[in-house]
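Undergrad: Note that the numbering used here gives residue 1455 to position 112 of the sequence shown, counting from 1, and the numbers run on in steps of one.
Where a beta carbon is used, it is the ideal one built from N, C-alpha and C, also for glycine.
What you are looking at is a predicted structure, and each value in this text was computed from that prediction instead of being measured.
Let me give you the structure first, and then I'll get to my questions.
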Amino acid sequence: MKKISIVLCVLMIFSFACTAFADGNYTVSDWAADEVKKAEELRLIPAEMPNDLTGNITRREFAETAVNLFEVLSKEDANFVECPFTDIRDDDARIMQAYTLGITMGVSETEFAPDLSITREQLATMLLRTIVLSTYADPTKARDISGAKKFDDDNLISDYAKEATYFMSSCGIIKGVDETHFDPQNTATREQAILLALRIYDSFEELRINIKKE
C-alpha cells in the first residue's frame, strides 16, 4: 500500500510538472508554455490543432504547421492544386498546399496517411523543404552537410532524410535525442514540432544573412 502511494505521488508530481495552459487553452509542458504562447501569437499553430499539445503530432497537423510557417516567413499566401491523395478530406486545404509547394509527399502515389504520427526524420525533411522555399535562392546551399557530425544510428536514417537530418542538426534547429543518437523513426509531440517551427522563425534573419536570396 505504501509503495502504491509513493507511485501515485510521483505520477501526480510528474503530471503537474508536465502540463500548463497557454492562452489558447492548450495543454502544454511547463518548459514549452512561453514558446507555445509566442508561436500562437505568430499564428504558427494550426487553427484545428487539438488542445493537448503533449500528444504525438500527425502528418496532417504538421503539414498544416509547415504551411503556416511558410506563409509567415515568405509573407506569401500558399496556393494549391488538386492532389492525388484519396485518404484526405475535402477541406484539407493545408495538405493540398503543402503538396503543391513540395513540402510534403504521400506515403504512396495515392495515400497521404494524414492521421499517422509523423516521424522525426519526416519532420526534419518537411522543415528543410519549408526553409528552402522561404529562404534559399539556391537549394543546393541547403544541402551542405559536410561539417555535420554523423549520429551513431545513421544507418536507421532513411536515405531520403539524411540531408535534411544533418543539415537541420548542424544548424541547431533539430537535435538528437542525446549527443550521439537521432532516433529517426521515433515520433514527435505537437509542442516539440511547434517549437521547431518557432526556432526556424527565430533563426530566419540569421539564415537570410548567411545565405541571401538572389
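Determine which residues share a DSSP beta bridge with Ser1460 and list them.
TA: As a first step, residue 1460 is located in the sequence shown; it is residue number 117 there, counting from the start. The partner list for Ser1460 (beta bridge, DSSP) reads Thr1401.
Undergrad: What does a CB cutoff of less than 8 Å around Val1520 pick up in its chain, not counting 5 residues either side in sequence?
TA: Numbered from its first residue, the sequence shown carries residue 1520 at position 177. Asp1526 and Asn1529, listed in sequence order.
Undergrad: Starting from the C-beta of Ala1365, find all residues in its chain whose C-beta is less than 7 Å away, skip the five residues before and the five after it, and write them out in chain order.
TA: Counting from one through the sequence shown, the residue named residue 1365 turns up at place 22. The pLDDT assigned to Ala1365 is 47, lower than 50, so where the model puts this residue is not dependable; a value taken from the coordinates is nonetheless given after this. Taken in chain order, the residues that qualify are Val1371, Ala1376, Val1379, Lys1380 and Glu1383.
Undergrad: Should Thr1468 be labelled buried (16 or more other beta-carbon atoms within 10 Å of its own) or exposed?
TA: Numbered from 1 along the sequence shown, position 125 holds the residue referred to as residue 1468. So Thr1468 counts as buried.
Undergrad: Using three-state DSSP, classify Val1371 as helix, strand or coil.
TA: Counting from 1 along the sequence shown, the entry for residue 1371 is found at position 28. If DSSP states are grouped into helix, strand and coil, Val1371 belongs with the strands.
Undergrad: Return helix, strand or coil for Asp1377, following the three-state DSSP convention.
TA: Within the sequence shown, residue 1377 is the residue found at index 34, counting from 1. Looking at Asp1377 - three-state DSSP - the assignment turns out to be helix.
Undergrad: Just reading off the alpha helix (DSSP H) that Ile1388 is part of, what are its end residues?
TA: Locating residue 1388 in the sequence shown gives position 45, counting from the first residue. Per DSSP, Ile1388 belongs to no alpha helix (DSSP H) and is neither H nor E.
Undergrad: For Thr1429, tell me which candidate among Lys1493, Leu1412 and Met1439 has the shortest Cα-Cα distance.
TA: By one-based count along the sequence shown, residue 1429 stands at place 86. Comparing Cα-Cα distances from Thr1429 to each of Lys1493, Leu1412 and Met1439, the minimum goes to Met1439.
Undergrad: Provide the residue span of the alpha helix (DSSP H) that contains Ser1451, from first to last.
TA: Residue 1451 sits at position 108 when you count from the first residue of the sequence shown. Where Ser1451 is concerned, there is no enclosing alpha helix (DSSP H), given that its DSSP letter is neither H nor E.
Undergrad: Taking the C-alpha atoms as reference points, what is the distance between Thr1508 and Asp1420?
TA: Working through the sequence shown from its first residue, we reach residue 1508 at position 165. Working through the sequence shown from its first residue, we reach residue 1420 at position 77. Answer to the nearest angstrom: the Cα atoms are 27 Å apart.
Undergrad: Measuring CB atoms only, is the stretch 1430 to 1450 touching the stretch 1398 to 1410, in the sense that at least three cross pairs come out at less than 8 Å?
TA: Output reads yes: the stretch 1398 to 1410 touches the stretch 1430 to 1450.
Undergrad: Which class does Thr1530 belong to by DSSP, given the choice of helix, strand or coil?
TA: In the sequence shown, residue 1530 corresponds to position 187, counting from 1. Strand.
Undergrad: For Leu1538, I'd like the list of residues in its chain whose CB is within less than 8 Å of its CB, leaving aside the five on either flank, ordered along the chain.
TA: Taking the first residue of the sequence shown as 1, we reach residue 1538 at position 195. Counting only Cβ-Cβ distances below 8 Å, and skipping sequence neighbours, we find Ala1375, Glu1378, Val1379 and Ala1382.
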